[in-house]
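Line order of the protein sequences matches chains V and S. For the first sequence, my numbering assigns the number 1 to the initial residue and increments by one for each residue that follows. For the second sequence, my numbering assigns the number 195 to the initial residue and increments by one for each residue that follows. See below for the structure under consideration.
Number of protein chains: 2
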Amino acid sequence: MSLPYAILTALLEKPSSGLELTRRFDKSIGYFWSATHQQIYRELGKLEESGAIRALPGPRQPTRGQKKEYEVLPAGRDELAAWVARIEDPKPIRDALLLRLRAAGVVGTEGLEAEVRRHLVLHRAQLAEYRAIEERDFGEGGKSEADRLRHLVLRAGIDLERFWIGWLETARAELADMRAGAAADARTGPAATA
Amino acid sequence: MSLPYAILTALLEKPSSGLELTRRFDKSIGYFWSATHQQIYRELGKLEESGAIRALPGPRQPTRGQKKEYEVLPAGRDELAAWVARIEDPKPIRDALLLRLRAAGVVGTEGLEAEVRRHLVLHRAQLAEYRAIEERDFGEGGKSEADRLRHLVLRAGIDLERFWIGWLETARAELADMRAGAAADARTGPAATA
DNA sequence: TCAACCATGTAATGGGTTACATGATTTT
DNA sequence: AAAATCATGTAACCCATTACATGGTTGA
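Okay, structure coming up:
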């Protein structure tokens with residue numbers, strides 16, 4: 001539901017071709033709304049047909065394999081502005097790792113601790129990346145309204161990673177503790193815990 | 195990718211019919227992996243065909259509209275245990291509200307503050323619900339391994355809501371500040387900020 | 001000229017969502 | 001007997017993902 005608006009936003013920030021958009025998604029917007037080039041081309045087609053965007057009139061660009069740049073038309077901008085103010089409930093979380101922890105309650109925690117550690121490494125790396133971006137792009141002053149909003153979004157990403165890191169650390173500790181308990185059981189007989 | 199495992203987990207916790215599963219998803223597992231009854235029936239069919247679960251042999255249950263209970267077979271349990279330990283990267287976030295903030299950078303923040311306030315209310319309510327569950331189900335002691343894991347999952351939900359509440363509060367403050375700035379502009383002339 | 005890369009696309013598949021259909025059971 | 005509710009399903013659509021196809025440009 002949101003991809004067309006993500007594209008409109010990107011195109012308003014800077015008119016681009018499909019491939020350029022794909023690259024920009026990979027390193028910026030994609031941090032909170034990812035998309036592949038196939039999705040982007042399909043959506044560009046729809047947006048053009050609906051009159052929200054148009055191809056920039058360049059030298060000539062009929063054929064395949066030829067670069068094609070788009071810009072947003074007033075109708076597209078209006079749609080985007082309407083969407084910004086629209087009432088839309090937050091989606092409930094959907095996280096496979098949480099599900100796996102729950103599953104471990106019935107089939108055992110075998111192998112889970114390693115996976116938790118691996119996720120910790122990944123989230124720490126992501127946090128470092130976000131912080132580097134923060135220093136580079138929002139080090140000091142300047143602060144246009146758009147900058148302040150982009151910084152706000154980045155801080156959400158940073159705090160989210162911090163949340164995951166904190167939670168994963170307690171999960172790892174808890175799993176280690178269970179492993180220790182299980183080892184003790186093996187020595188003294190499982191009845192001790194039951 | 196995860197729905198079949200969510201169902202296997204639920205069925206291991208307690209053999210159930212499709213509708214019972216749907217209800218249990220609505221009030222427990224669904225907090226971090228939601229599913230509609232259509233998805234569940236479709237998936238139950240696939241799981242039965244693949245030999246991961248089977249219908250409990252009841253009085254007789256051929257027809258439509260007749261209750262049909264399922265239980266997990268050893269093959270299904272094995273698949274679930276393998277999935278728990280499987281290497282699977284965390285999915286990047288996908289959040290429409292963050293996208294809308296970014297969009298507001300190019301089309302203006304009109305209407306966004308109200309939406310942020312609305313989300314704050316919703317997240318506060320969700321947090322209250324989680325905390326009530328925590329008190330009810332994990333008040334004190336008892337603590338089987340499965341209980342500890344379920345509590346861990348619940349704490350993830352709680353901390354996530356706390357993260358959102360904190361972030362939404364700063365977002366609201368920032369938006370209010372921009373509104374004040376815009377009002378000042380209107381009095382003194384926009385050049386003061388540009 | 002051939003390989004690498006830039007650029008745009010098509011096709012197939014699968015999961016999620018919404019709307020609708022149908023049969024069985026219980027309650028009034 | 002009618003209405004409400006329980007219960008299982010079908011169908012259609014949309015979005016996302018993966019694999020593949022095709023044309024154009026540039027440099028070894």
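All C-beta atoms, glycine included, are put in the ideal place defined by N, C-alpha and C.
- Taking 8 Å as the upper bound for CB-CB distance, Leu-215(S) and Ile-201(S) are in contact here, some 7 Å apart.
- By the C-beta density criterion, Gln-232(S) is exposed, having fewer than 16 other C-beta atoms within 10 angstroms.
- Residue state for Ala-298(S) is assigned as helix, using DSSP reduced to three classes.
- By the rule that beta-carbons nearer than 9 Å mark a contact, Ile-40(V) does not touch chain S.
- Under DSSP, Ile-247(S) shares a beta bridge with Val-266(S).
- Distances from the CA of Arg-342(S) to each of Ala-156(V), Arg-94(V), Leu-98(V) and Arg-118(V) were compared; the closest alpha carbon is that of Leu-98(V).
- Residue Pro-284(S) holds the alpha-carbon nearest to the alpha-carbon of Ile-165(V) among Val-278(S), Pro-284(S) and Lys-262(S).
- Interface criterion not met: the Cβ of Glu-169(V) is under 9 Å from no Cβ in chain S.
- Pro-4(V): member of the alpha helix (DSSP H) spanning 3 to 13, first to last residue.
- With fewer than 16 other Cβ atoms inside 10 Å of its own Cβ, Thr-170(V) counts as exposed.
- Relative to Gly-224(S), the option among Glu-304(S), Leu-316(S), Thr-203(S) and Arg-296(S) whose CA is nearest is Thr-203(S).
- Identification of chain S residues near Phe-32(V) by a Cβ-Cβ cut-off of 7 Å yields Ile-287, Arg-288, Asp-289, Leu-292 and Leu-293, ordered along the chain.
- In the DSSP annotation of this structure, the continuous segment of the alpha helix (DSSP H) that includes Asp-177(V) starts and ends at 145 to 188.
- Boundaries of the alpha helix (DSSP H) harbouring Phe-138(V): 112 to 138, taken from the DSSP string.
- Judged by their CB atoms, Tyr-70(V) and Leu-80(V) are not nearer to each other than the 9 Å cut-off.
- Residue burial annotation: Gly-189(V) is exposed, with fewer than 16 other C-beta atoms found within 10 angstroms of its C-beta.
- Those residues of the stretch 312 to 339 of chain S placed with their C-beta closer than 8 Å to a C-beta in chain V are Arg-312, His-313, Leu-316, His-317 and Glu-339, ordered along the chain.
- Taking a Cβ-Cβ threshold of 8 Å, the residues of chain V close to Ala-298(S) are Val-84 and Leu-149, in chain order.
- Of all C-beta pairs linking the stretch 172 to 183 of chain V to the stretch 339 to 358 of chain S, three or more are shorter than 8 Å, placing the two stretches in contact.
- Contacts between Gly-383(S) and chain V, judged by CB atoms closer than 9 Å, are missing: the closest CB pair is about 17 Å apart.
- Ser-211(S) is bridged by DSSP to Glu-263(S).
- In this structure the stretch 311 to 331 of chain S does not touch the stretch 121 to 130 of chain V; the number of beta carbon pairs closer than 8 Å is below three.
- For a cut-off of 8 Å, the C-beta gap from Val-300(S) to Leu-12(V) is around 4 Å, short enough to register as a contact.
- Of the candidates Glu-282(S), Ser-211(S), Leu-241(S) and Ala-279(S), Ser-211(S) places its Cα closest to the Cα of Lys-262(S).
- Under the three-state reduction of DSSP, Thr-22(V) is assigned to helix.
- Taking Met-195(S) as reference, the option from Asp-220(S), Arg-217(S), Trp-227(S) and Lys-221(S) with the minimal CA-CA separation is Trp-227(S).
- In this structure, the alpha-carbon of Gly-302(S) lies about 34 Å from that of Ala-350(S).
- Sequence-distant partners of His-313(S) (beyond 5 residues in either direction) whose C-beta falls short of 8 Å from its own C-beta, in its chain, are Leu-291, Trp-358 and Leu-362.
- Proximity of chain V to Tyr-264(S) at the Cβ level (cut-off 7 Å) is not reached, the minimal Cβ distance being about 15 Å.
- Looking from the CA of Pro-198(S), the closest CA among Lys-208(S), Lys-221(S) and Tyr-235(S) belongs to Tyr-235(S).
- Listed along chain V is no residue with a C-beta nearer than 7 Å to that of Phe-219(S); the closest approach is about 11 Å.
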